[in-house]
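Data block below; observations after.
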């Protein structure tokens, strides 16, 4: 999905200098974004105080929205560089098209994983006809330097491995968790998992002490290490944990996001992840000129225009403001 802000600001991300090396409980509130005519989304990353969790660099939570009498998601063709996109749904469907020729409808708890590499463009829309409700998360994973110029690609995994405990089912989206490993291609040590909990469930989730973690609340109420986390919020947990206590106060859904702290410093603006202002400027010019990003065929509409570049310099500095 695109960052549809009409006046996006640059984000400086990455670097190990601000990684919290011990367990913490830092509850992050969302920034509410209404991109164009689309429904409002809740942006959790980048956040005012926290820019990344492992290689996870962008997290939007949206819905549940009633789109029975609406077009639903309509995101025109737009470009990406230097990242992977993860489309994750709890309700509804998204039709994905991209400049590699991919055409795929993604349903609930199915993995649509797009690797932009050096350059890709894609569109996302609710199919016609479509389900009444749309509820999900859109996430970006920053690519490390040795892989960020790879060829663009798209993966679709309709079935994913799970790990279970009484009252808990964890679907592994990326990386591995408790012996279950996702088939999705990952370029850094990372984990992403969708956790469905039944009311009253209590569990202790095994974690990697060298990873930093966060939990995105999708629905219901869950106490994460004693902290109540409500839908549309994200609890940053730091590093140094070998397990994570969970208690469900209702039927609930959360996403566990984690990974080895991302060492490289990044510049992220609009839909581009780079290492310098010059890279971002060049990517924007290439999109405006219609070069490098290919063509998305079949979408009934014009591509997204590129916003104006900010007047402030774009410099990579670190993980937090």
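Numbering (our numbering), first residue to last: 715 to 1035. Every residue, glycine too, gets a C-beta built ideally from N, C-alpha and C.
Exercise for review: Please report the Cβ distance between residue 867 and residue 814, rounded to the nearest whole angstrom; I am assuming they are in contact, meaning their Cβ atoms lie under 8 Å.
Suggested key: Mapped onto the chain shown, residue 867 falls at position 153. Mapped onto the chain shown, residue 814 falls at position 100. Sure, about 6 Å apart at Cβ, within 8 Å.
Check your understanding: Cβ of residue 928 within 8 Å of Cβ of residue 948?
Key -> Residue mapping note: residue 928 aligns to position 214 of the chain shown, counting from 1. Residue mapping note: residue 948 aligns to position 234 of the chain shown, counting from 1. Cβ distance < 8 Å, so residue 928 and residue 948 count as in contact.
Check your understanding: Roughly how many angstroms lie between the CA atoms of residue 805 and residue 775, to the nearest whole one?
Key -> Locating residue 805 in the chain shown gives position 91, where the first residue counts as 1. Locating residue 775 in the chain shown gives position 61, where the first residue counts as 1. Their Cα atoms are separated by approximately 12 Å.
Exercise for review: List the residues that DSSP assigns as beta-bridge partners of residue 917.
Suggested key: Looking up residue 917 in the chain shown gives position 203. According to DSSP, residue 917 bridges with 960.
Point to revise | Test item: CB-CB of residue 768 and residue 957 under 8 Å | key: Reading the chain shown from its first residue, position 54 is the one you call residue 768. Reading the chain shown from its first residue, position 243 is the one you call residue 957. Contact: no.
Review point. Considering only residues of the same chain and omitting the five flanking positions on each side of residue 667, which have a CB-CB separation below 6 Å?
Key: Absent from the model: residue 667. The displayed extent of the chain is 715 to 1035, so no value can be given.
Review point. What is the rounded straight-line gap between the Cα of residue 842 and the Cα of residue 787?
Key: Sequence index remark: in the chain shown, residue 842 carries index 128 (1-based). Sequence index remark: in the chain shown, residue 787 carries index 73 (1-based). Each residue's alpha carbon lies about 11 Å from the other.
Exercise for review: Alpha carbon to alpha carbon, how far is residue 980 from residue 859? Give it in angstroms, no decimals.
Suggested key: Within the chain shown, numbered from 1, the residue matching residue 859 stands at position 145. Within the chain shown, numbered from 1, the residue matching residue 980 stands at position 266. The alpha-carbon atoms of residue 859 and residue 980 are separated by roughly 10 Å.
Point to revise | Distance CB(residue 840)-CB(residue 790) smaller than 8 Å | key: By one-based count along the chain shown, residue 840 stands at place 126. By one-based count along the chain shown, residue 790 stands at place 76. No. Outside cutoff.
Check your understanding: Would residue 1026 be called buried (16 or more neighbouring beta carbons within 10 Å of its own) or exposed?
Key -> What you label residue 1026 is simply residue 312 of the chain shown in a count that begins at 1. It is exposed - the Cβ of residue 1026 has fewer than 16 other Cβ atoms within 10 Å.
Point to revise | Cutoff 6 Å; reference residue 832; Cβ partners in own chain excluding five residues on either side | key: Stepping through the chain shown from its first residue, residue 832 is reached at position 118. These residues qualify, in order along the chain: 863.
Review point. Based on Cα-Cα distance, which residue from 917, 809, 844, 988 lies nearest to residue 870?
Key: Counted from its first residue, the chain shown places residue 870 at position 156. Ranking the options by Cα distance to residue 870, first place goes to 809.
**Study point:** Start-to-end residues for the alpha helix (DSSP H) that takes in residue 998
**Key:** Start at 1 with the first residue of the chain shown, and residue 998 comes out as number 284. Start and end: 991-1003.
Review point. Whose C-beta lies closer than 7 Å to the C-beta of residue 994 among residues of the same chain, with five residues either side of it excluded?
Key: Position 280 of the chain shown, counted from the start, is the residue given in the question as residue 994. Cβ neighbours of residue 994 beyond the five flanking positions: 981, 983, 986, 988, 1028.
Point to revise | Beta-carbon gap between residue 738 and residue 759 smaller than 8 Å | key: Start at 1 with the first residue of the chain shown, and residue 738 comes out as number 24. Start at 1 with the first residue of the chain shown, and residue 759 comes out as number 45. It is not a contact, given that the beta carbons lie outside the stated cut-off.
Practice item. Tell me whether residue 811 sits in a helix, a strand or coil according to DSSP, three-state version. Key: The residue you call residue 811 lines up with position 97 of the chain shown. Here residue 811 sits in strand by DSSP.
Point to revise | Euclidean distance between Cα positions of residue 930 and residue 1010 | key: Position 216 of the chain shown, counting from 1, holds the residue named residue 930. Position 296 of the chain shown, counting from 1, holds the residue named residue 1010. Computed Cα separation, rounded: 31 Å.
Point to revise | Own chain residues within Cβ distance below 7 Å of residue 782, not counting five before or after | key: Mapped onto the chain shown, residue 782 falls at position 68. 846, listed in sequence order.
**Study point:** Beta-bridge partners of residue 950, as assigned by DSSP
**Key:** Taking the chain shown and counting its residues from 1, one reaches residue 950 at position 236. For residue 950, which the question treats as bridged, DSSP gives the partners 740, 928.
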